[in-house]
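**Student:**
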Amino acid sequence: MYFPWYFREATVVVLRKPNKMLKNQKLPGAYRPISLLNILGKIIEILIAMQLTTVTKKNEILPYMQIGFRYGRSTKVAIRLVINIVYTTWAYNVIASLLQLNLTGAFNWVDWI
Numbered sequence: 001m002y003f004p005w006y007f008r009e010a011t012v013v014v015l016r017k018p019n020k021m022l023k024n025q026k027l028p029g030a031y032r033p034i035s036l037l038n039i040l041g042k043i044i045e046i047l048i049a050m051q052l053t054t055v056t057k058k059n060e061i062l063p064y065m066q067i068g069f070r071y072g073r074s075t076k077v078a079i080r081l082v083i084n085i086v087y088t089t090w091a092y093n094v095i096a097s098l099l100q101l102n103l104t105g106a107f108n109w110v111d112w113i
């Protein structure tokens, strides 16, 4: 699929973060860059995402336990799913184990080009 470059191009506006002291205004952390994208490109992205969602639901492509980026799935659903799995394993006298990872900032240095 081809997505024209002018839809991918963004205008970056730098805004000062609220409640920052005047002495900290020279630090980069006192500002927040905001990317403004072409509205037509955003509409096309939404339409494509809706089509992909419809196809994945209809053909049951994604696994049941896939939570992220799915409509109607939230943190609460994920917690309920984990609790149900743990209680089910306990009911069968099986040991349940859980590995949780925090990947915040893990990919900050990846070259996405």
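Just so you know, the sequence shown maps onto residues 1 to 113 in the numbering used here. Ideal Cβ positions, reconstructed from N, Cα and C, are used throughout, including at glycine. Small disclaimer: the values here were computed from a predicted structure and weren't measured.
1. For V86, which residues of its own chain have a beta-carbon under 8 Å away from its beta-carbon, when the five flanking residues on both sides are left out?
2. Can you tell me where the beta strand (DSSP E) with L37 in it begins and where it stops?
3. Please state whether the Cβ-Cβ distance between L47 and A10 is less than 8 Å.
4. Helix, strand or coil: how does DSSP classify V14 here?
5. Please list, in chain order, all residues of the same chain as V82 whose beta carbon is under 8 Å from its beta carbon, the five residues on each side excluded.
6. Which of the three DSSP states, helix, strand or coil, is assigned to E60?
7. In the structure shown, what three-state DSSP assignment does F3 receive?
8. Less than 8 Å between the beta carbons of T56 and L62, yes or no?
9. Compute the Euclidean distance between the alpha carbons of R8 and Y92, then round it to the nearest angstrom.
10. In terms of residues, what are the limits of the alpha helix (DSSP H) holding K76?
**Tutor:** In short:
1. Closer than 8 Å at the Cβ level, and outside the excluded window around V86, lie A96 and L98.
2. Here the beta strand (DSSP E) through L37 covers Y31 to L37.
3. Remark: C-beta atoms of L47 and A10 do not approach each other more closely than 8 Å.
4. Looking at V14 - three-state DSSP - the assignment turns out to be strand.
5. Counting only Cβ-Cβ distances below 8 Å, and skipping sequence neighbours, we find L98.
6. Of the three classes helix, strand and coil, the one that applies to E60 here is coil, per DSSP.
7. It is coil, neither helix nor strand.
8. In this structure, the beta-carbon distance from T56 to L62 falls below 8 Å.
9. Each residue's alpha carbon lies about 52 Å from the other.
10. Segment T75 to A91, the alpha helix (DSSP H) holding K76.
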